[in-house]
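K.L.:
Be aware that the sequence shown starts at 1255, since it is given in the numbering used here, and climbs by one per residue.
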Amino acid sequence: MFPHLVKVTLLIGMSDELATEDFCTVIFDEFFFTALSKENVVQQLGKLLWHTHAKLPTARRDTLMQALHHQPNLRPLLEQLREKMERDEGDVEMPPPAPPVDSPLMSVPTPAPHRGDYP
């Protein structure tokens, strides 16, 4: 039950903190890795990795995936996660193309900024 509460807390309120290595060291090395022999901890760590993989530092994400790779019940989840990460890497947002020079919008005048003569 406790690993589930930690996972939910991280997902809801602290997911941005996972980008820092110090925070990852406390959460993963000192909490989750010490209890990898327990099935529920492995399951919760796999779910946490699924939801937060994009925010984790690359080296940390790779370490977690390597640690979980030896868990037979998580292999399908890890394969799906690898596929998801490959798709996400392919979906990198491209900047919108510049409007063509012959666009009718290029000839529309724009107002000058207001100087702000407020009372």
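The C-beta atom is built at its ideal place from N, Cα and C for all residues, glycine as well.
Fair warning: this is a prediction, and the values are worked out from it, not measured in the lab.
Would the stretch 1293-1303 count as touching the stretch 1326-1346 if we require 3 or more Cβ pairs under 8 Å?
P.N.:
yes
K.L.:
Which of helix, strand or coil does DSSP assign to residue 1274?
P.N.:
The sequence position of residue 1274 within the sequence shown is 20, counting from 1. Residue 1274 sits in coil when the DSSP states are folded into three classes, being neither helix nor strand.
K.L.:
To the nearest angstrom, how far is the alpha carbon of residue 1342 from that of residue 1303?
P.N.:
By 1-based counting over the sequence shown, the position of residue 1342 is 88. By 1-based counting over the sequence shown, the position of residue 1303 is 49. Approximately 15 Å between the Cα atoms of the pair.
K.L.:
Which complete alpha helix (DSSP H) runs does the stretch 1299-1325 hold, if anything under 4 residues is left out?
P.N.:
1312-1322
K.L.:
What are the boundary residues of the alpha helix (DSSP H) that residue 1340 is part of?
P.N.:
For the purposes of this step, residue 1340 is taken as the residue at position 86 of the sequence shown. Under the DSSP assignment, residue 1340 falls in the alpha helix (DSSP H) whose first and last residues are 1329-1344.
K.L.:
Could you check if residue 1288 is buried or exposed, using at least 16 other CB atoms within 10 Å of its CB as the buried criterion?
P.N.:
Counting from 1 along the sequence shown, the entry for residue 1288 is found at position 34. Exposed is the call here.
K.L.:
Could you check if residue 1286 is buried or exposed, using at least 16 other CB atoms within 10 Å of its CB as the buried criterion?
P.N.:
Mapped onto the sequence shown, residue 1286 falls at position 32. Buried.
K.L.:
Helix, strand or coil for residue 1390? Go by DSSP, reduced to three states.
P.N.:
The first residue shown for the chain is 1255 and the last is 1373, placing residue 1390 beyond what the model contains.
K.L.:
How should residue 1306 be labelled, buried or exposed, when 16 other C-beta atoms within 10 angstroms of its C-beta is the threshold for buried?
P.N.:
Position 52 of the sequence shown, counted from the start, is the residue given in the question as residue 1306. Buried: at least 16 other Cβ atoms inside 10 Å.
K.L.:
Considering only C-alpha positions, which residue in the set 1337, 1268, 1293 is nearest to residue 1310?
P.N.:
Stepping through the sequence shown from its first residue, residue 1310 is reached at position 56. Residue 1268 is the option with its Cα nearest to residue 1310.
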